[in-house]
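Participant: Sharing a structure, written as structure tokens. Questions coming.
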Amino acid sequence: MALDLRSSELEHSFIKDRISVTEKHFSEISSKLAAYLKKLSQVRDSGDDLAGSVTSYASTENLNLSLRKYLMQFADILKAIQEYRDAEIQRIDVKVALEFSNYKPICKTAKSELKASFDLHAKELSMKNQLEKTRGKNPTNWQKIAQVEKEACRIQDEATRTTLELSKRIDNFEQRKIQDVKNTFLEFMKIELVFHAKAIELYTDAYNSIKNINVDEDLKEFRSHFRSYTTSLASNNIQVEDQIESVNSNCDTNKTVGPFAISNSGFKDSLESKVSPHITSTPKDTSMKKMFYVDCRL
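Below, the structure is given as structure tokens:
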């Protein structure tokens, strides 16, 4: 049943308040949904970062093979979850947040139409008062009275038509608002259920991947590699020690035998024979020769 907006000014005020409340709270819900989507986007980005860090670590793990394998699987699953989360964000933005944000122009239009109805109703009352005054002042001026009556009837018909149209629009506004709230939040829950159902499935796979890490086998592989490494290191140390000992032994031997084990006098004679051709036989020459004498004792 259509509402009679012309019954009283209280009804006009009541409907105006209904529209204002809807506009205010739908705008607030839209703002909170935007903040909600922003938080989800941050979780998605953090999830991608976490998956990247796990992948980076797993790629460096060369000894623990099962750890490497299942961490890679775990990281891939985390990435897949974030892809589904991104789809969740896009759907909520389009099918939920946008629906509430669309009510701002709808409420603005409804208030404009309601104000036009108020103004027309006030004009109708003004014309009625003018007609009564004209009849009271000039009861015999039928031409003037007829002119005012005609204008008053026109405004009354226009006001009646506008009021009936607005009555239907307000009724439709309430019906649409209720239906939209119901459908939008149902869609919201459906999107969340789809995402979380898929997330549970993927998180289960991620759990099983981590569970499949074989601690004993990886530890066994590490111990085997560590033993080989320490054995190789010990062998290298022995070789180095042998080489040092050999060098020390050669040095001890060279003190008595070897190509450099010559007497001071022999080395002196040899050196003099090489140097003397280039030095004149003067008293100063003898002193210069003495400068080349080398003691080869070690």
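Using my numbering, read the sequence shown as starting at 17 and increasing by one per residue.
Each residue gets a CB set at the ideal place from its N, CA and C atoms; glycine is no exception.
Values in this document were obtained by computation on a predicted structure and should not be read as measured data.
(1) Judging by CA-CA distance, which residue of 86, 104, 115, 179 is the nearest neighbour of residue 131?
(2) Is the beta carbon of residue 119 closer than 8 Å to that of residue 7?
(3) Under a three-way DSSP split, which group does residue 78 fall into?
(4) Please list, in chain order, all residues of the same chain as residue 215 whose beta carbon is under 7 Å from its beta carbon, the five residues on each side excluded.
(5) Straight-line CA distance for residue 141 to residue 185?
(6) Does the Cβ-Cβ distance between residue 93 and residue 218 come in under 8 Å?
(7) Taking the alpha carbon of residue 192 as the reference point, which residue from 35, 30, 28, 27 has its own alpha carbon closest?
(8) Mind reading off the beta-carbon distance from residue 91 to residue 67? Whole number of angstroms is fine, and I expect it under 8 Å.
(9) Taking just the CA atoms, how far does residue 54 sit from residue 44?
(10) In its own chain, which residues sit with a C-beta less than 6 Å from the C-beta of residue 33, not counting the 5 before and 5 after it?
(11) If you measure between the beta carbons of residue 241 and residue 79, is that distance less than 8 Å?
(12) Going by Cα to Cα distance, which pick from 26, 236, 84 is closest to residue 134?
(13) Give me, in chain order, the residues of the same chain whose beta-carbon lies closer than 6 Å to that of residue 116; leave out the 5 immediate sequence neighbours on both sides.
(14) For residue 229, which of helix, strand or coil comes out of DSSP?
(15) Where residue 3 and residue 59 are concerned, what is the direct C-alpha to C-alpha distance, given to the nearest angstrom?
(16) Excluding the five sequence neighbours on either side, which residues of its own chain have a C-beta within less than 6 Å of the C-beta of residue 11, listed in chain order?
(17) State buried or exposed for residue 123, treating a residue as buried only when at least 16 other CB atoms are found within 10 Å of its CB.
(18) What is the DSSP secondary structure of residue 199, counted as helix, strand or coil?
(19) Give the DSSP-derived three-state secondary structure of residue 118 in the structure shown.
(20) For residue 95, which of 203, 162, 63 has the nearest alpha-carbon?
(21) Could you check whether residue 207 and residue 83 sit closer than 8 Å to each other, using their CB atoms as the reference points?
(22) Have a look at 48, 234, 205 and flag the residue whose alpha-carbon is nearest the alpha-carbon of residue 77.
(23) Buried or exposed: which applies to residue 31, given that a residue is buried once 16 or more other Cβ atoms fall within 10 Å of its Cβ?
(24) Hey, how far is the Cα of residue 48 from the Cα of residue 129?
(25) Whole angstroms is fine: what's the gap from residue 248's alpha carbon to residue 81's?
(26) Does residue 182 pass the burial test, meaning 16 or more other C-beta atoms within 10 Å, or should it be called exposed?
Facilitator: Let me spell this out:
(1) Looking up residue 131 in the sequence shown gives position 115. Closest by alpha carbon: 179.
(2) The first residue shown for the chain is 17 and the last is 314, placing residue 7 beyond what the model contains.
(3) The residue given as residue 78 occupies position 62 in the sequence shown. Residue state, collapsed to three classes: coil.
(4) Numbered from its first residue, the sequence shown carries residue 215 at position 199. 97, 100.
(5) Here residue 141 corresponds to residue number 125 of the sequence shown, with the count starting at 1. Here residue 185 corresponds to residue number 169 of the sequence shown, with the count starting at 1. Each residue's Cα considered, the two are about 23 Å apart.
(6) One-based indexing of the sequence shown puts residue 93 at position 77. One-based indexing of the sequence shown puts residue 218 at position 202. It is a contact, given that the beta carbons lie within the stated cut-off.
(7) Numbered from its first residue, the sequence shown carries residue 192 at position 176. The candidate whose alpha carbon is nearest that of residue 192 is 35.
(8) As a working note, residue 91 is residue 75 in the sequence shown. As a working note, residue 67 is residue 51 in the sequence shown. Contact flag correct, Cβ pair sits at about 5 Å.
(9) Stepping through the sequence shown from its first residue, residue 44 is reached at position 28. Stepping through the sequence shown from its first residue, residue 54 is reached at position 38. If I take the Cα positions, the gap works out to 15 Å.
(10) Your numbering for residue 33 matches position 17 in the sequence shown. Taking C-beta separations shorter than 6 Å and ignoring five residues to either side along the sequence, residue 33 has no partners in its chain.
(11) Reading the sequence shown from its first residue, position 225 is the one you call residue 241. Reading the sequence shown from its first residue, position 63 is the one you call residue 79. Yes, these two residues count as a Cβ contact at 8 Å.
(12) Locating residue 134 in the sequence shown gives position 118, where the first residue counts as 1. With distances taken between Cα atoms, residue 134 lies closest to 26.
(13) Here residue 116 refers to the residue found at position 100 when the sequence shown is read from its first residue. Hits under 6 Å: 42, 45, 46.
(14) Taking the sequence shown and counting its residues from 1, one reaches residue 229 at position 213. DSSP places residue 229 in coil when its eight states are reduced to three.
(15) Here the chain comprises residues numbered 17 to 314, so residue 3 is not present and cannot be evaluated.
(16) Absent from the model: residue 11. The displayed extent of the chain is 17 to 314, so no value can be given.
(17) Here residue 123 is taken as the residue at index 107 of the sequence shown, counted from 1. Under this definition residue 123 is a buried residue.
(18) Your numbering for residue 199 matches position 183 in the sequence shown. Helix.
(19) Position 102 of the sequence shown holds residue 118. Note: residue 118 maps to coil in three-state DSSP.
(20) Position 79 of the sequence shown holds residue 95. Measuring from the Cα of residue 95, the nearest candidate turns out to be 63.
(21) Locating residue 83 in the sequence shown gives position 67, where the first residue counts as 1. Locating residue 207 in the sequence shown gives position 191, where the first residue counts as 1. No, the pair does not count as a contact, with Cβ atoms beyond the cut-off.
(22) As a working note, residue 77 is residue 61 in the sequence shown. Nearest of 48, 234, 205 to residue 77, Cα basis: 234.
(23) Along the sequence shown, one-based indexing puts residue 31 at 15. Residue 31 comes out buried.
(24) Residue mapping note: residue 48 aligns to position 32 of the sequence shown, counting from 1. Residue mapping note: residue 129 aligns to position 113 of the sequence shown, counting from 1. Straight-line Cα distance between these residues: approximately 29 Å.
(25) Within the sequence shown, the letter at position 232 stands for residue 248. Within the sequence shown, the letter at position 65 stands for residue 81. Going by the C-alpha atoms only, they are around 22 Å apart.
(26) Looking up residue 182 in the sequence shown gives position 166. By the neighbour-count rule (16 or more Cβ atoms within 10 Å), residue 182 is buried.
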